[in-house]
Amino acid sequence: MSHPAEAHAHPEEHAHPSAGTYAKIAVTLVILTALEVAVYYVESIRTYLVPILIVLMIIKFALVAMYYMHLKQDSKLFSGLFVFPIFIAIVVIVALILLFGIKHPQMPQ
Amino acid sequence: MHMPTTTGLDSRKMAIWTFIGSECLFFASLISTYMVYRGKSLTGPYPHDSWVNPANGETVKGILNIPLTSFSTFVLLMSSFAVVLALYGAQRGKRGMLIGWLSATMVGGAIFLGGQVYEFNHFVHEGLTLHTNLFGSTFFTLTGFHGGHVTVGLIWLGTVLVTAIRGKLPPEKALNLEIAALYWHFVDVIWIIIFTLIYLIK
C-alpha cells in the first residue's frame, strides 16, 4: 500500500528519498564541513586553499539542493527556476569582482 | 492533491521556487559587494590578518572565530537534515516524527541565531561596527540579512509546528511543511556559500 504523499504526488514529481538517504547526505555534509575547516588550518596547502574550498562548497551546495530540496526527483522546471538565477548570480559576482575588485595600476588609488 | 494547473505542477511550489530564485539574486548582490570590498579596509579590525589596535597599541589577531562559526554551520546543516525528516514524517502521517524533528529543526535554528548574536556582540566589543570600515559594513549587512532570513524561517516553521501539534497537518497537507522546508534549505545553502567565502577563504 502506498503512502498518502506518494499517492498524491504529481506524475512529474517522483517519490522523495528514504530517511536512510537523508542520513547518508547528512554524514557526507558533516565530513565535507570538517574537511573545509581542516583545510583552513593547514598552512602547507595554502596555495590551493581557494580552489579546494570552492570545490567543497559546490559539492555541499549541490547535495542539499539535489537531495534535501528534492531537485533530483522533482520537476525540471523547479531546477530551472533555481539554476538559472544562480547562473546569473555567478555572472554578476564574477563581473563585479573583475570590474571593481582588481586593482588596476593605471588607475589612481 | 493540488488544483489543475497549465504546468501540471502545484502553484504554491512554483511560487516558492520563483521566490527562492529571486532571493539568489538578492544575496548575489550582497556577496558581490563583500567580495568587491574585500581586503580594502583602511583600518582594523580585519577578518583574518593581525592588526594593531590604535586605542591601546595591542596586536589583535583576525576577528573571525572559525571554531564557533564551524559549530554554527554544523548546527544549521543538521537542522536541514532534521526538517527533511520532519517532512518524511508528515508525508507518512507519523505525527511524533513530524513534531520531534520539526522541534529539533527550530532548536538548531535558534542555536545558530544565538551564535550569530554572540558573534555580533563580540565584534562590537572588539571595535567592529557597521561603520568602522568596509569589512564591518559589508560583513554585518550580508550576515545580518542572512540572520534575518533565519529568523523569518524560524517563525514560519514555528507556525507549521503549532499546526502539527494541533493535529491539523495530515499527510495531504504535508506540502505546507515542504514549502517552509524549501525556504529553510535555501537559507542553509546560502550559509554554505557565506561560510566558505567570508570565513574560510583568507
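Protein sequence lines correspond, in order, to chains L and Z. With our numbering, you'll find the first sequence wraps up at 113, consecutive numbering, no jumps. With our numbering, you'll find the second sequence wraps up at 228, consecutive numbering, no jumps. For every residue, glycine included, the Cβ atom is placed at its ideal position computed from N, Cα and C.
Only residues of its own chain outside the window of five on either side were considered, and among them 125 have a CB closer than 7 Å to the CB of residue 191 of chain Z, listed in chain order. Residue 158 of chain Z counts as buried, since no fewer than 16 other beta carbons sit within 10 angstroms of its beta carbon. Around the beta carbon of residue 24 of chain L, a 10 Å sphere encloses fewer than 16 other beta carbons of the protein chains shown; the residue is thus reported as exposed. Taking residue 208 of chain Z as the centre and dropping the five residues before and after it, the same chain places the C-beta of 42, 46 closer than 7 Å to its C-beta, in chain order. Cβ proximity to chain Z below 7 Å picks out 68, 69, 72, 73, 79, 81, 82 from the segment 68-84 of chain L. The segment 184-199 of chain Z and the segment 93-107 of chain Z do not touch, with fewer than 3 CB-CB distances between them shorter than 8 Å. In its chain, beyond the 5 residues on either side, 127 have a beta carbon closer than 6 Å to the beta carbon of residue 111 of chain Z. Here residue 211 of chain Z is near residue 69 of chain L, since their CB atoms are less than 9 Å apart. Fully enclosed alpha helix (DSSP H) runs of no fewer than 4 residues occupy 23-45, 53-67 of the segment 22-85 of chain L, in order along the chain. Within the model, the alpha-carbon separation for residue 175 of chain Z versus residue 75 of chain Z is close to 29 Å.
When Cβ-Cβ separations below 9 Å define contact, residue 72 of chain Z makes no contact with chain L. Each of Z/109, Z/226, Z/219, Z/206 was checked against the Cα of residue 93 of chain L, and the nearest Cα belongs to Z/219.
Contacts between residue 215 of chain Z and chain L, judged by CB atoms closer than 7 Å, involve 65, 68, 69 in chain order.
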